[in-house]
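Here the structure is laid out as structure tokens; the discussion comes afterwards.
There are 2 protein chains.
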Amino acid sequence: MNAIFKALNDETRRDILELLRKQEMTAGDIADQFHISKPSISHHLDILKRADLVTSEKKGQFVVYSLNTTIVDDILQWIITLKK
Amino acid sequence: MNAIFKALNDETRRDILELLRKQEMTAGDIADQFHISKPSISHHLDILKRADLVTSEKKGQFVVYSLNTTIVDDILQWIITLKK
DNA sequence: TAAATATTTAGACAAATATCTAAATATTAT
DNA sequence: ATAATATTTAGATATTTGTCTAAATATTTA
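If you read the sequences in order, they're chains R and W.
Position 21, counted from 1, in the first sequence is what UniProt numbering calls 21; the numbers after and before it change by one each time, with no gaps.
Position 20, counted from 1, in the second sequence is what UniProt numbering calls 20; the numbers after and before it change by one each time, with no gaps.
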């Protein structure tokens, strides 16, 4: 749970998740959406991956990232519990 | 949204929210549940308050903290959107 | 095989954060 | 009024974090 909340505690990373909600994207395409260097985006993607919020698959020279909605359920569960 | 995720990005603060889920508590009673100094807990409570996740009310020399479930809904909404 | 393209790793640095102790403020009880 | 109790504020410090540039790795194309 720690890794998930840590991952969500950054606007750029939350924006990446919203991008991936619509479609999977390569690391480069993701980076192009921000005014941040590619290495920094790569680092953000790594944090999202460690939290299991995204998955990545190498396709040739590209790396395609996708949202992992399974883990999103875990956060939902945690927050819903607060309301019970 | 930033303040909310920032507030949730700490195990102690999440634990405080879970305590308050069951009942409202004074600052001192909350502090007693952790091996952390009272000033530090006071600081955590301040962050939770700025995020509107808790409310506080002074009762005599005590300050009673409660969970604010209205804001919890905002987080739910954000996360649910990720799944749509 | 050499050059080009895509991505990550490494190392550095400034800013943010969690924690502490000491002191200040507010309220209640003697 | 003074002492005791509850909480917050102030200031310091070590750690974590987001960012950058330069270099390394992997893949494709000429």
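C-beta: ideal position from N, C-alpha, C; glycine also.
Can you pull the chain R residues whose beta carbon is under 8 Å from the beta carbon of W:I79, in chain order?
To locate residue 79 of chain W, count along the second sequence from 1; it is residue 79. Residues of chain R passing the Cβ test: V72, I75, L76, I79.
For R:I47, which residues of its own chain have a beta-carbon under 6 Å away from its beta-carbon, when the five flanking residues on both sides are left out?
For the purposes of this step, residue 47 of chain R is identified with residue 47 of the first sequence, where counting begins at 1. Same-chain partners within the cutoff: A7.
Span of the beta strand (DSSP E) holding W:E57?
Counting from 1 along the second sequence, the entry for residue 57 of chain W is found at position 57. Element bounds for W:E57: 54 to 59.
Output the boundary residues of the alpha helix (DSSP H) element that contains R:F5.
Counting from 1 along the first sequence, the entry for residue 5 of chain R is found at position 5. 2 to 8 is the extent of the alpha helix (DSSP H) around R:F5.
For R:S66, which three-state DSSP category applies?
Here the question's residue 66 of chain R lines up with position 66 in the first sequence. Looking at R:S66 - three-state DSSP - the assignment turns out to be strand.
Would you mind reading off the limits of the alpha helix (DSSP H) that contains R:E24?
Start at 1 with the first residue of the first sequence, and residue 24 of chain R comes out as number 24. That residue, R:E24, is in no alpha helix (DSSP H); it is neither H nor E in DSSP.
Taking Cβ-Cβ distances shorter than 8 Å, what residues in chain W pair up with R:F34?
Start at 1 with the first residue of the first sequence, and residue 34 of chain R comes out as number 34. Residues of chain W passing the Cβ test: none, with the nearest at roughly 16 Å.
Using a threshold of 7 Å, state whether the C-beta atoms of R:V54 and R:E24 are closer than that.
What you label residue 54 of chain R is simply residue 54 of the first sequence in a count that begins at 1. What you label residue 24 of chain R is simply residue 24 of the first sequence in a count that begins at 1. Not a contact, by the Cβ cut-off of 7 Å.
CB-CB under 7 Å to R:Q13, same chain, minus the five flanking residues each way: which ones, in chain order?
On the first sequence, residue 13 of chain R is found 13 positions in, with the first residue counted as 1. The identity of residue 13 of chain R in the sequence shown is Arg, whereas the question assumes Gln. For R:R13, where only same-chain residues beyond five positions count, the Cβ hits under 7 Å are A7, H44, I47, L48.
Less than 7 Å between the C-beta atoms of R:R21 and R:L67, yes or no?
As a working mapping, residue 21 of chain R is identified with position 21 in the first sequence. As a working mapping, residue 67 of chain R is identified with position 67 in the first sequence. In contact: R:R21 and R:L67 (Cβ atoms closer than 7 Å).
For R:A31, which residues of its own chain have a beta-carbon under 6 Å away from its beta-carbon, when the five flanking residues on both sides are left out?
The residue you call residue 31 of chain R lines up with position 31 of the first sequence. Cβ neighbours of R:A31 beyond the five flanking positions: K38, I41.
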